[in-house]
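**Q** Per the numbering used here, the very first residue in the sequence shown carries number 698; after that it's consecutive. Glycine is no exception: its CB is placed at the ideal position from the N, C-alpha and C atoms. Right, I'll just put the structure down here and ask away after.
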Amino acid sequence: PQGTGIDFKAELNEQQFLAVTSPPGKSLVIAGAGSGKTRTLTFRVAYLLQNGIAPENILLLTFTNKAAREMLERVQSLLPVETRRLWGGTFHSIGNRLLRLHGERLGLRQGFSIMDREDQKDLMETVVGSSGVDVTSYRFPKSEVIGDICSLADNMLVSVEEVVKEKYDWFEPVMEGINKVRDAYVAKKLETNNVDFDDLLALTVKLLEENEDLLERYRRVFQFVLVDEYQDTNALQCRMIDLLTGEKGNLMVVGDDAQSIYSWRGADVNNILRFGERHAGARIYKIETNYRSVPEVLELANESINHNAGQFRKALVSAREGRGMLPGLVKVDNPDAQASFVAQRILELHEEGVPLAEMAVIYRAHFHSLNIQLELTNRGIPFVITSGLRFFEQAHVKDVSAFMKFAINPRDEVSFMRMVRLVPGIGGTSAMKMWSAWVGMGDVTSTSKGIVMDGEGFAELLLKLKVPKKAQKVWEQTAWTLDELLGKDGVPVLPGRMIRSVVEGVYEDYMKAKFKNADQRGQDIEQLEEYSGRFESTEEFLSQLALLSGLDTDESPKQAEVKEVEDAVTLTTVHQAKGLEWHAVFAIWLADGMFPNSRVVDSGGLEAIEEERRVFFVTLTRAKDELYLLCPMVNFQARDGNIMVRLSRFVEELPEELMEVWNVRSFSS
Ligand code: ATP
Ligand code: MG
């Protein structure tokens, strides 16, 4: 690597250097937490660019879109190259890009909508409702469970039958019904020009499998494919990578089997463990130095993961000097005392000069954080939540985007229903009638040039729909508002202007009638409008909205991505904290039943406990300098009153001499 001034040797250790400069072909970096895997990928990108590979020939797949952005910013700081041209992001966002370009080959139309989890659930419910399958009969799974079953089948590349047999065997008697519902769901998506999250991957794989020309083309485009957090890929993602790289392609994957925490969603750790077998001649690099954590933290983490019998032993050695301060074990009286301790310690650290952004509160499940949120709010300590509260999934944000989605994709039944039902006086039955009338008008298609139908405008068409008398006036307003979204020539206007039109046209009134805190919600919408300014088209903006709202807890919310907060404490679930690091980490609610969570405890299966311990390991290894393990000893429950809490077995099993016990008696706030 000659030329520009990156001193790779100085920035990397020997294994990292070998991986970064490895010759073309397949390579795997399998290494422990904090050993510089992500750093290695970042420098690999810089190395490729420096050696003349064009940015558009590199594909970087990461766990969040934000992670990709940050890595590319880092590359940008090393090299004067336009990294914007590089393909970087999550599997879902890359799938989305490919489907926007070529989806018509699969029968998708332009402007297809992406459903988030909630839309998906709604649609599944509709389908179950009209399928004639009896869901009231005992033991028949609810639509939500059917959704989960179908999703797992997609992601694991197996049949619905297999998923049911493996994980839901008590549903075997109703197999036929589940299949019927699934077929209807697939048909409905196609009919309404909608895709769900799994489709973004499954349809991309289908596209590549069925179109030789595209496969060849993208193998040429993606000369170098790089994947972070490879241990958490599922069969579908693995297939997507294999298709895009082919036998001859260049692929570098990095990951850590001790941090595989997504098997419940179909991730398969064998993808990383068997990489060498699947790709003969692959180069394998191992790094055993940890650059992130002080030895005191690392020792505790090593000790914990070694309780997993099924784990390959890796002894991570810290490259850092000790601070002479052990991780704290803080047993507190109750949840309030826990919140109070965390807030107090955050203020002290801040006083000592640690930025708030260098501190995180980490928990197993989002609802564990409610107390902390209150306490931080009361004390005026700014925080961002990277899980749970999903900015884009709030009702008012979804309402406004329903107008936009429908304007872009007039076959979008889900959005149409949502929008129409806002009109006072239109109930479920009228809405359904309106929808049949709408699709009955013929092939209502949207192209990038807008609505094309017998030369009639959008508003004129919408006004033909019969609505209840008392809804007439507002419906007219709604129709004209929608018309505005398409501009004079029928071309969709920019997203910011759309949002404005929706709010001023009708939504402001709805909001005032519907919500007590309309002002607050109005501010959210303004935020949304500002955020939309980053996008060149409404279609792009809406895709991003859906991608950010994401799956379950993982790819979720990012209030932080919308509201740029200067310096703030991070509140996050473990799953969302993957790959990140902070000066100080507070792990809260380390109680049996909370962490490990009760579902895992009840199931009692060894595999489940081991995965849960890996989740705990991921928690510990997020800390650079200071780590606090907290557990309230008494909890209050409405039904049972005060109940005693058992310290998490994951903490119990660790030698006490590796921790410093903080005796906090009734902390007063
Ligand atoms: P995780 O398993 O949590 O994803 P990782 O293996 O990806 O961790 P990184 O996040 O890349 O690890 O690195 C951890 C920290 O160590 C970062 O702050 C990184 O900058 C630093 N680091 C890694 N390698 C080196 C090195 N050779 N010299 C100095 N610092 C390093
Ligand atoms: Mg990493």
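(1) Give the DSSP-derived three-state secondary structure of T1144 in the structure shown.
(2) Does the Cβ of P721 have 16 or more other Cβ atoms within 10 Å, making it buried, or fewer, making it exposed?
(3) Does the ligand MG have even one heavy atom less than 8 Å from the beta-carbon of T1316?
(4) Nearest to G667 by alpha carbon, out of L775, T761, K903 and G800?
(5) Which residue wins for smallest C-alpha separation from L758, given the options S1300, F921, N1106 and M853?
(6) In the structure shown, what three-state DSSP assignment does P1329 receive?
(7) With distances taken between CB atoms, is the gap from L855 to C847 smaller than 9 Å?
(8) Just to confirm before moving on: does the CB-CB distance between S1015 and P992 stay below 9 Å?
(9) Can you find at least 3 beta carbon pairs, one from the stretch 744-755 and one from the stretch 919-939, that sit closer than 8 Å?
(10) Between L933 and the rest of its own chain, which residues show a CB-CB distance below 7 Å, the 5 nearest in sequence each way excluded?
(11) Alpha carbon to alpha carbon, how far is Y988 from M1022? Give it in angstroms, no decimals.
(12) Based on Cα-Cα distance, which residue from L912, A1040 and A1265 lies nearest to V1081?
(13) Does the beta-carbon distance from A1288 to V1342 come in below 9 Å?
(14) Please indicate yes or no: does the CB of D1096 lie closer than 8 Å to some heavy atom of the ligand MG?
(15) Here's the rule: buried if 16 or more other CB atoms are within 10 angstroms of the residue's CB, otherwise exposed. What is D1216?
(16) How is K723 classed by DSSP in three states: helix, strand or coil?
(17) So, for E877: in the same chain, excluding its five sequence neighbours on each side, which residues have a beta-carbon less than 7 Å away from its beta-carbon?
(18) Any residues whose CB sits closer than 7 Å to a heavy atom of the ligand MG? List them in chain order?
(19) In terms of residue numbering, what span does the beta strand (DSSP E) encompassing I1196 cover?
(20) Could you give the DSSP three-state label for K1321: helix, strand or coil?
(21) Does A707 come out as helix, strand or coil in the three-state DSSP assignment?
(22) Under the DSSP definition of a beta bridge, which residues are partnered with E1357?
(23) Whose C-alpha, out of L970, R936, Q747 and E770, is nearest the C-alpha of R736?
(24) Are the beta-carbon atoms of A955 and G729 separated by less than 9 Å?
(25) Which runs of the beta strand (DSSP E) fall wholly inside the stretch 895-944 and span at least 3 residues, in chain order?
(26) Quick one: what's got a C-beta closer than 8 Å to N947's C-beta in the same chain, skipping five residues either side?
(27) I need the boundaries of the beta strand (DSSP E) containing N1339, first residue and last residue.
(28) Expressed to the nearest angstrom, what Euclidean distance is found between the alpha-carbon atoms of W1132 and E1110?
(29) If I measure Cβ to Cβ from V1312 and keep anything under 6 Å in the same chain, skipping five residues before and after, which residues do I get?
(30) Can you give me the C-alpha to C-alpha distance between L775 and A743, rounded to a whole angstrom?
(31) Within the present structure, is the beta-carbon of A728 separated from the nearest heavy atom of the ligand ATP by less than 8 Å?
(32) In the DSSP assignment, what residue or residues form a beta bridge with L757?
**A** With the structure as the only source:
(1) Any reading at T1144 must be qualified, since the residue scores a pLDDT of 43, below 50, and its modelled position is unreliable; no value is offered.
(2) Taking a 10 Å sphere around the C-beta of P721, we find fewer than 16 other C-beta atoms and assign the residue as exposed.
(3) Placement of the Cβ of T1316 at a distance of 8 Å or more from every heavy atom of the ligand MG is found.
(4) With the chain covering only 698 through 1366, there is no way to say anything about residue 667.
(5) For L758, the closest of S1300, F921, N1106 and M853 by C-alpha to C-alpha distance is F921.
(6) DSSP places P1329 in strand when its eight states are reduced to three.
(7) Strictly speaking, residue 855 in this sequence is Val, with Leu absent from that position. Going by C-beta atoms, V855 is not nearer than 9 Å to C847.
(8) In this structure, the beta-carbon distance from S1015 to P992 falls below 9 Å.
(9) Flag = yes, the stretch 744-755 and the stretch 919-939 touch.
(10) Non-local C-beta neighbours of L933 in its own chain, meaning closer than 7 Å and more than five positions away in sequence, comprise D851, N852, L854, L898, A899 and V902, ordered along the chain.
(11) About 18 Å.
(12) Looking only at L912, A1040 and A1265, the smallest Cα-Cα distance to V1081 is reached by A1265.
(13) At a Cβ-Cβ threshold of 9 Å, A1288 and V1342 count as neighbours.
(14) Not under cutoff, so the answer is no.
(15) Classification of D1216: exposed, given that the 10 Å Cβ count is below 16.
(16) In this structure, DSSP gives K723 an extended state, which the three-state scheme calls strand.
(17) In the sequence as presented, Glu is not what sits at residue 877; that position holds Lys. Residues S828 and V830 of the same chain have their beta carbon placed closer than 7 Å to that of K877, with the five preceding and five following residues left out of the count.
(18) The filter returns K734, T735, D925, E926 and G1276, in chain order.
(19) Careful: I1196 lies outside any beta strand (DSSP E), inside the alpha helix (DSSP H) at P1192 to V1199.
(20) Here K1321 sits in strand by DSSP.
(21) If DSSP states are grouped into helix, strand and coil, A707 belongs with the helices.
(22) E1357 pairs with G1025.
(23) Each of L970, R936, Q747 and E770 was checked against the Cα of R736, and the nearest Cα belongs to E770.
(24) Yes, these two residues count as a Cβ contact at 9 Å.
(25) Counting only runs of 3 or more, we get 921-924.
(26) Excluding five sequence positions before and after N947, the CB atoms of its chain that fall closer than 8 Å to its own CB belong to P721, G722, K723, Q920, F921 and V922, given in chain order.
(27) Going by DSSP, N1339 is part of the beta strand (DSSP E) stretching over G1338 to M1341.
(28) The straight-line gap from Cα to Cα measures roughly 7 Å.
(29) Taken in chain order, the residues that qualify are I958 and V1271.
(30) Those two C-alpha atoms are separated by around 7 Å.
(31) A728 Cβ: within cutoff of the ligand ATP.
(32) Under DSSP, L757 forms a beta bridge with G785 and L923.
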